[in-house]
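Report on the following structure.
Number of protein chains: 2
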Amino acid sequence: MALEARKGANLANVGAGFAVLSAVLAVSIAINIALLGFLPGVYQPKQAGYGQSHTKTSTNTAVQQPLERAKDETSVSSTSGSLPASQGSVINLDHGDPTMFESFWRANGEEATIVIPGWQTMSYFSDVSNLCWFLEPEFAKQIRRLHGLVGNAVVEDRHIVVGTGSTQLFQAALYALSPSDGLQPIPVISAVPYYSSYPAVTDFLHSGLFRWAGDANAFQGENYIELVCSPNNPDGFMKEAVLKSDTGKTIHDLAYYWPQYTAISSPANHDIMLFTASKSTGHAGTRVGWALVKDQEIAKRMTKYIELNSLGVSKDSQLRAAKILKVISDGYEFPSSRDVKLFDFGRNHMRNRWERLREVVRETGIFSLPEFPSEDCSFTGDRTSSFPAFAWVKCEWENAQDCAAFLKSHNILTRSGKHFGVGLNYARVSMLDRDETFDIFIQKLYSIK
Amino acid sequence: MALEARKGANLANVGAGFAVLSAVLAVSIAINIALLGFLPGVYQPKQAGYGQSHTKTSTNTAVQQPLERAKDETSVSSTSGSLPASQGSVINLDHGDPTMFESFWRANGEEATIVIPGWQTMSYFSDVSNLCWFLEPEFAKQIRRLHGLVGNAVVEDRHIVVGTGSTQLFQAALYALSPSDGLQPIPVISAVPYYSSYPAVTDFLHSGLFRWAGDANAFQGENYIELVCSPNNPDGFMKEAVLKSDTGKTIHDLAYYWPQYTAISSPANHDIMLFTASKSTGHAGTRVGWALVKDQEIAKRMTKYIELNSLGVSKDSQLRAAKILKVISDGYEFPSSRDVKLFDFGRNHMRNRWERLREVVRETGIFSLPEFPSEDCSFTGDRTSSFPAFAWVKCEWENAQDCAAFLKSHNILTRSGKHFGVGLNYARVSMLDRDETFDIFIQKLYSIK
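This is the structure:
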């Protein structure tokens, strides 16, 4: 077994060697797209302020005209996921690749190691007594345990649906909530600034069941699916649904509602709540997310979506995620001499990064940044500010009105505000990259004249 | 490490314990659906014969009326994936759950064990120098190596796109092949009997890009996507595209083009070829498939689909599949005293099972079965018949004109012919379940009076 284990580790090593950074993949999107008619946004962290600045129009009757093919807004460049070679290199903070957590798991990787013999989990089925028949029971158990520990979501009387990341679960929820008559696509809305993937992922198949309809603040109507991301991607603020209607539906994307990013004020208690390993533990490559779903019929339909879309979810990743969640919970419930506390690591790292970012912003005046209130965190017992996974920056300099283009000219790749329904003067910057990359980012900001 | 490895194995053990067979999940579909107006099919293994018996109508203008929600035809019952408790138990041969291969991997599981430390493959990115940026390089290497060994597909100058099973890749291919103007959904067709998932998976989102249009034999028009499954699910015959048009597109689903099921006559050489670990190695639970794609732009668009649908594919499963493929190739290229030859195991098992099935069919006359020609297999050097993953049976008894219902009354769950575009007198029976289940299946057939 020992020899085989080493062999396995070697193979995994080979596979993990991302970022060979060889040739010439056309450097991506985001900034290369022609400047379309987006009005500059007025910086107001609360939802109302974006109402004047976005160009999306919403509607209570579904849009019927042909849609354009999905834009390349989440595409990949040759610098994605790689370590910059030097201070002069391009650094890619376009994606929220959570490689910051790698150093935590390198220090605590032994506990979280997973071993899977060749004959295990070969069947399609994990537990046919469960509504979500492809959900590994041990993963479900560790999900409930971790939410119980952190206190960030109600798990009692909730169905768990596992997905290939929360991206697939988001689509499963759209499918589950859309009317069964299929006569008109239901409008899908979210308050600006909204996560840039929502429009593209909603519309890329031109579904007759649901259709992107823009900013929730501008929406008129009773039937809709409102996406509420809280803390919000991109701006980091806690959000609530903008619309209230007996017939409207909501999906709560709580990917960032974890103690490293914000105070845990109370257990979230919504109809559909989405979580993902990517942002909670840093394991984006496992592609595992989970939904906590109140209504049984909705949970069944989400399960059906995943059955039709991918016949279930990788059991290897579920077993690995179960192990990782277990190590996190064990770290708090059974403290050892080794200090295996992921959320402490995460919050300390994020606080430090935000302090460094705010300092360079104060000194240079390039950006303005959102200001977050301090709140009591029921998990830590401390009063804390928010330290979001993304910095949502507004370029303040006259020559930086296209914020992402300006940063790109200084070899910093970010995602333009226009993808989030607001103006070019905003950009989203990942705060989750490796330490080396973040250091270079800060140094680059200091050097900008 | 040794302790941690055992811990990991224990956890994996827990997860693998499917089939608690507890309660009362409503026993599924297939047979419970009301008898709709399907005409009885005339058994003709070649494509032409089904033309009279199916009720699907095809068209060269896309269907515009609202579609029904996806049927539950691939749903799960409390018996799915489980071992029957006794001769009297219900046995579930509805799905093609490839648990037959478990015993091979139990005997050879040490070599195929995968070990993944907590810090590995955390990033979204596997290799940004590759068009398919979430494809693990080691997996790509082992895919090319195995096809080279078996000789079942051309891999030179092909792009590999990895998917969450071939189900996701099938949808990626539809997306990639559909017209970019999006004005009319392109008709998607396949010759009857076609794989029962094709209609549901094509239509469940009511996409404006593509629309299921039934039997390829009845289709009139120049623009279409034809699905060619070869060897065919459900009937096991080698198939070629029915239509020829300069503007028509084809997707070749080659999930079963492996030496355990059929003779390998020559390397398949098509524009888009889909494969899956489920049916080649038996690892359905890993949810990993791959496409070999000739055209770079098509490969890019398939990659884009998977990016939008699930932001990539589980790296844990890719690493595991890479290890498993490596063990298979090693078994033939570096023979050892231990006889680790998956395809030999598979063919021997399948031949034995088919012989036993044909014998009980001869003795009882319940069914007719397809007859397959013998062909030279370039991989083994032998002349061999086909031993398909499914038995496509036609009930011949007067009281068995609804074949699946008849078998269900004898506690054998199968999938009715109506889901494959033909008559109720056909049913598809999985030949890939565990030995214990197959033994009971054969015993049950002998006991039917």
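Protein sequence lines, in the order shown, are assigned to chains Y and P. Everything in the first sequence is counted per the numbering used here, starting at 762 for the first residue and increasing by one. Everything in the second sequence is counted per the numbering used here, starting at 762 for the first residue and increasing by one. Note that CB positions come from ideal geometry on N, CA and C, so glycine has one too.
Ordered along the chain, which non-local residues of its own chain (more than five positions away) have a Cβ less than 7 Å from that of residue i?
i         : result
Y:Tyr1093 : Leu910 and Lys1102
Y:His1110 : Met861
P:Ile1089 : Leu907, Thr1042 and Leu1103
P:Phe1202 : Ile852, Leu854 and Ile1173
CB residue i to CB residue j, shorter than 8 Å?
i         : j         : result
Y:Tyr1017 : Y:Pro1134 : no
P:Ser1078 : P:Arg1114 : no
Y:Asp996  : Y:Trp866  : no
P:Lys1087 : P:Ser1129 : no
P:Asp858  : Y:Tyr885  : yes
Y:Gly1046 : P:Met883  : yes
Y:Asp1194 : Y:Thr860  : yes
P:Ile1173 : P:Leu844  : no
Y:Ile921  : Y:Leu896  : yes
P:Leu1004 : P:Thr963  : no
Y:Asp1028 : Y:Ala901  : Here residue 1028 of chain Y turns out to be Pro, not Asp, going by the sequence shown. Contact: no.
P:Pro878  : Y:Gly870  : yes
P:Phe1167 : P:Thr1042 : no
P:Gly1107 : P:Gln1204 : no
Y:Phe965  : P:Leu966  : no
Y:Val1054 : Y:Arg919  : yes
Y:Arg1123 : Y:Phe1151 : no
P:Gln1057 : Y:Ser1071 : no
Y:Trp1019 : Y:Ile904  : no
Y:Ala977  : Y:Glu987  : yes
P:Pro1131 : P:Phe998  : yes
P:Arg1176 : P:Ser850  : no
Y:Thr925  : Y:Val1074 : yes
P:Ser1170 : P:His856  : no
Near residue i, what residues of its chain come up, given a Cβ to Cβ distance below 6 Å and the 5 sequence neighbours on each side ignored?
i         : result
P:Tyr985  : Pro948, Ile950 and Gly1009
P:Ala1038 : His1044, Thr1047, Val1049 and Ala1082
Y:Lys1084 : Ala873 and Ile875
Y:Ser1146 : Phe1133 and Ser1135
P:Val824  : Model confidence at P:Val824 stands at a pLDDT of 39, short of 50, so the residue's coordinates are unreliable and nothing is read from them.
P:Ser1139 : Gly912 and Ile1025
P:Asp1014 : Cys990 and Leu1035
P:Thr1023 : Pro992 and Ser1147
P:Glu983  : Ser1006 and Thr1008
P:Ile1012 : Ala934, Leu988 and Ile1033
P:Pro801  : Here the model assigns P:Pro801 a pLDDT of 29, short of 50, so the residue's position is not dependable, and the following value carries that caveat. Closer than 6 Å at the Cβ level, and outside the excluded window around P:Pro801, lie Gly1184 and Asn1186.
Y:Tyr1066 : Ala933 and Tyr936
Flag residue i as yes if its beta-carbon sits less than 8 Å from any beta-carbon of chain C, otherwise no.
i        : result
Y:Gln929 : Note that chain C does not occur in the displayed structure, where the protein chains are Y and P.
If you measure from the CB of residue i, is any heavy atom of the ligand FAD nearer than 7 Å?
i        : result
P:Cys990 : In terms of ligand content, the structure shown is empty, and the ligand FAD therefore cannot be addressed.
In its own chain, which residues sit with a C-beta less than 8 Å from the C-beta of residue i, not counting the 5 before and 5 after it?
i         : result
P:Thr1125 : Leu1206, Tyr1207 and Ile1209
P:Arg1144 : Ala1024, Ser1135, Glu1136, Asp1137 and Cys1138
Task: Stretch-stretch touch, CB-based, cutoff 8 Å, three pairs: the segment 885 to 897 of chain Y with the segment 1097 to 1115 of chain Y - done: Contact between the segment 885 to 897 of chain Y and the segment 1097 to 1115 of chain Y is absent: fewer than 3 CB-CB pairs across the two stretches fall below 8 Å.
Task: Completely contained alpha helix (DSSP H) runs for the segment 955 to 1012 of chain Y, where each covers 4 or more residues - done: For the segment 955 to 1012 of chain Y, whole alpha helix (DSSP H) runs of length 4 or above, ordered along the chain, are 958 to 964.
Task: Short-range partners of chain Y found in the segment 869 to 884 of chain P, where Cβ spacing is below 7 Å - done: Across the segment 869 to 884 of chain P, CB contacts with chain Y closer than 7 Å involve Asn869, Gly870, Glu871, Glu872, Ala873, Thr874, Ile875, Val876, Ile877, Pro878, Gly879, Trp880, Gln881, Thr882, Met883 and Ser884, in sequence order along the chain.
TODO: Would you check if there are 3 or more beta carbon pairs closer than 8 Å linking the segment 932 to 948 of chain P to the segment 967 to 977 of chain P?
DONE: Remark: three or more beta-carbon pairs, one from each stretch, lie closer than 8 Å, so the segment 932 to 948 of chain P and the segment 967 to 977 of chain P are flagged as touching.
Task: 4 or more residues per run - each alpha helix (DSSP H) lying fully within the segment 881 to 916 of chain Y - done: Here the runs fully enclosed are 898 to 911.
Open item on the list: With three or more beta-carbon pairs closer than 8 Å as the criterion, would you say the segment 1154 to 1170 of chain Y touches the segment 1184 to 1198 of chain Y?
Closed with: Contact between the segment 1154 to 1170 of chain Y and the segment 1184 to 1198 of chain Y is present, because at least three Cβ pairs lie under 8 Å.
- [ ] Determine which residues of the segment 964 to 991 of chain Y have a Cβ less than 7 Å from any Cβ of chain P, and write them out in chain order.
- [x] Here the close residues are Phe965, Leu966, His967, Ser968, Gly969 and Leu970.
Open item on the list: For a minimum of 4 consecutive residues, which ranges assigned as the alpha helix (DSSP H) are wholly contained in the segment 1032 to 1112 of chain Y?
Closed with: Runs of the alpha helix (DSSP H) inside the segment 1032 to 1112 of chain Y: 1038 to 1041, 1057 to 1071 and 1076 to 1094.
Open item on the list: Please give the ranges of any alpha helix (DSSP H) in the segment 1140 to 1176 of chain Y, keeping only runs that are unbroken, at least 4 residues long and fully inside the region.
Closed with: List check, alpha helix (DSSP H) in window: 1164 to 1170.
TODO: Can you give me, in chain order, the residues of the segment 838 to 858 of chain P that have a beta carbon less than 8 Å from any beta carbon in chain Y?
DONE: Along the segment 838 to 858 of chain P, going in chain order, the ones with a CB nearer than 8 Å to a CB of chain Y are Ser838, Ser839, Thr840, Ser841, Gly842, Ser843, His856 and Asp858.
Task: Residues in the segment 1074 to 1096 of chain P having any Cβ partner in chain Y nearer than 8 Å - done: For the segment 1074 to 1096 of chain P, which is checked against every Cβ of chain Y, the residues closer than 8 Å are Val1074, Ser1075, Lys1076, Asp1077, Ser1078, Gln1079, Leu1080, Arg1081, Ala1083, Lys1084, Ile1085, Lys1087 and Val1088.
- [ ] Would you list, in chain order, the members of the segment 1039 to 1058 of chain P that have their beta-carbon closer than 7 Å to a beta-carbon of chain Y?
- [x] So the close ones are Gly1043, His1044, Ala1045, Gly1046, Thr1047 and Arg1048.
- [ ] Would you list, in chain order, the members of the segment 1178 to 1189 of chain Y that have their beta-carbon closer than 8 Å to a beta-carbon of chain P?
- [x] Those residues of the segment 1178 to 1189 of chain Y that come within reach of chain P (Cβ to Cβ, closer than 8 Å) do not exist; the list is empty.
TODO: Taking a Cβ distance cut-off of 7 Å, strictly less, list which residues of the segment 944 to 961 of chain P are near chain Y, in chain order.
DONE: Within the segment 944 to 961 of chain P, the qualifying residues are Leu944 and Ala961.
Task: chain P contacts from the segment 1111 to 1135 of chain Y (Cβ-Cβ distance under 9 Å) - done: Of all residues in the segment 1111 to 1135 of chain Y, none has a Cβ within less than 9 Å of some Cβ in chain P.
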